[in-house]
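Anchor point for the sequence shown: position 300 equals 295 in my numbering, and the numbering is continuous, going up by one each time.
Have a look at the structure below before the remarks.
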Amino acid sequence: RTALKLGMIPADGIGKEVLPAAQRVLEALGSSIPKTTFIPLQAGWEEFNRNGKALPDETVKILKEECDGAMFGSVSSPSHKVAGYSSPIVALRKHLDLYANVRPVSSVSIPNQKSYHQCDMVIVRENTECLYIKKEEISTNPDGSKKAIAYRQITSNASSRIGKMAFEIALRRGAEREAARKAGKEVWWNGEPKVTIVHKSNVLSVTDGLFRESVRAVKEGTDRYNGVKMEEQLVDSMVYRMFREPEIFDVAVAPNLYGDIISDGAAALVGSLGLVPSINAGDDFVMGEPVHGSAPDIEGQNIANPIASIRSAALLLSSLGYVEPASRINAAVDTVLAEGEYLTPDLGGKSSTTDVTDAVLKRL
Ligand code: NAD
Ligand code: K
Ligand code: MN
């Protein structure tokens, strides 16, 4: 590529504060990435209130036809039903077939902070089905009471492809640790690469059973993953073990809802939701997105932690093939955290979103 076009969708709340931070960092990379054009695109709750559509057709069209990748901020979806409204991020993942949400969660060293567990795992969340098909029904019983039903869809195709993605990530991480070890760097995880399948098929033996079997079949059907260990964890005990000994996990693969829930939990383990990045990935398109939501409790104050968003930009770059500039971003972020001078309030500091972004820019 001689040029890059990235769609930028800040959407709502702190998305409008942290996405510009990521853009500034990308801009500061200068000639180490192709000349990059940022295309501002609309979506979200505010957009719905302005123009009646949470995800304008124009946004999807430009992403599909013009962009090499995208960044999404966060959306403020209301907790009550609003006629005509439907979450644009869930819709975007479907429209662009971004079937995997890949969420690396790793502990950081921040001086004078309460010590968090050693943790370096990747949560691979299925992104297109499960309860997120949003097929719900409500009816009234003869006695006037109500009954609501939600359908949960699990397919072997979606489960296999997310399983394959998880095993590929485990292979790659294993190779990266091996290379680091050879280069004399400290690698605290010495075990073999591992994929943990998260499910609840002791209760939901049909749906979660299919998920479990489909992911297991990915490994069993080939020699390619012989070096990757496979284990399983029921989702409730997954949460328990993650909080007690997160260091034992490498790659966890989960259906959509469990993946959503365990990743917010994992974020608490490393200190803040404001640190955890993700990419929504399909075979043809990638969209970076911080794991957190629009954080209405802190929006508009310039105190949101921009690091999740900045790291999401790095993930986006590396999945587009720009691995070296991506590691420069991550190294700059790690330095800022390790220095401990510029931290937003979620990490116990007093710095603003802009201060932290400036600090990252200086260390690039
Ligand atoms: P949230 O992630 O927005 O916030 C949870 C808590 O974490 C809040 O206390 C918030 O202040 C804090 N936090 C989150 N990001 C932070 C950051 N970068 N820096 C510092 N603190 C941060 O979750 P919520 O409060 O449950 O949801 C708020 C809204 O966000 C809801 O409308 C929800 O639908 C939406 N949401 C959107 C997405 C998305 O865009 N993909 C994801 C989750 C929630
Ligand atoms: K988000
Ligand atoms: Mn979530």
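Every residue gets a Cβ at the ideal spot worked out from N, C-alpha and C, and that includes glycine.
Any non-hydrogen atom of ligand 1 closer than 8 Å to residue i Cβ
i	result
Ala65	no
Cβ pair residue i, residue j closer than 9 Å
i	j	result
Leu356	Ala153	no
Phe67	Glu284	yes
Ser82	Leu264	no
Pro384	Ala333	Residue 384 lies beyond the residue range present for the chain, which begins at -4 and ends at 359; the question has no answer from this structure.
Gly288	Val223	no
Gly(-2)	Thr31	Looking at the sequence shown, residue -2 is not Gly but Ala. A contact, by the Cβ cut-off of 9 Å.
Asn46	Arg88	no
Val85	Ala38	no
Ile28	Ala290	no
Leu126	Ala145	yes
Ile157	Tyr94	yes
Pro272	Ala16	no
Ser304	Ser313	no
Ile274	Val55	no
Met160	Val281	no
Pro241	Asp203	no
Residue i CB to nearest heavy atom of ligand 3 below 8 Å
i	result
Ser258	yes
Asp7	no
Asp92	no
Asp350	no
Asp52	no
Asp255	yes
Range of the contiguous beta strand (DSSP E) that encloses residue i
i	result
Gly64	Gly64 to Ser69
Val100	Ala95 to Ser101
Glu371	Residue 371 cannot be examined here, being either before or after the span of the chain that is shown, -4 to 359.
Val119	Asp115 to Glu121
Arg147	Lys141 to Gln148
Ala78	Element bounds for Ala78: n/a, residue is neither H nor E.
Leu(-1)	Ala(-2) to Ala6
Start and end residues, alpha helix (DSSP H) containing residue i
i	result
Tyr235	Val230 to Arg239
Gly10	Gly10 to Ala23
Ala178	Careful: Ala178 lies outside any alpha helix (DSSP H) and carries neither H nor E.
Ala321	Val318 to Glu334
Ile84	Pro83 to His90
Leu356	Thr348 to Arg358
Residue i: CB within 8 Å of a non-hydrogen atom of ligand 2
i	result
Pro285	yes
Gly10	yes
Proximity test, residue i beta-carbon vs ligand 4 heavy atom, cut-off 8 Å
i	result
Ala78	In terms of ligand content, the structure shown lacks ligand 4 and carries ligand 1, ligand 2 and ligand 3 instead.
Pocket of ligand 1 defined by Cβ to heavy atom distance under 5 Å: Qualifying residues, in the order they occur: Ser69, Val70, Ser71, Ser72, Ile84, Leu268, Gly269, His287, Gly288, Ser289, Ala290, Asp292, Ile293, Ala299, Asn300 and Asp341.
Runs of alpha helix (DSSP H) wholly within the stretch 264 to 311 (minimum 4 residues, chain order): For secondary structure counted as the alpha helix (DSSP H) over 4 or more consecutive residues, the stretch 264 to 311 holds no complete run.
At which residue ranges does the stretch 26 to 57 contain complete alpha helix (DSSP H) runs of 4 or more residues, listed in the order of the chain? Correct list: 40 to 46.
Quick one: complete alpha helix (DSSP H) runs, 4+ long, within the stretch 180 to 261? With a minimum length of 4 residues, the continuous alpha helix (DSSP H) runs that stay inside the stretch 180 to 261 are 202 to 215 and 230 to 239.
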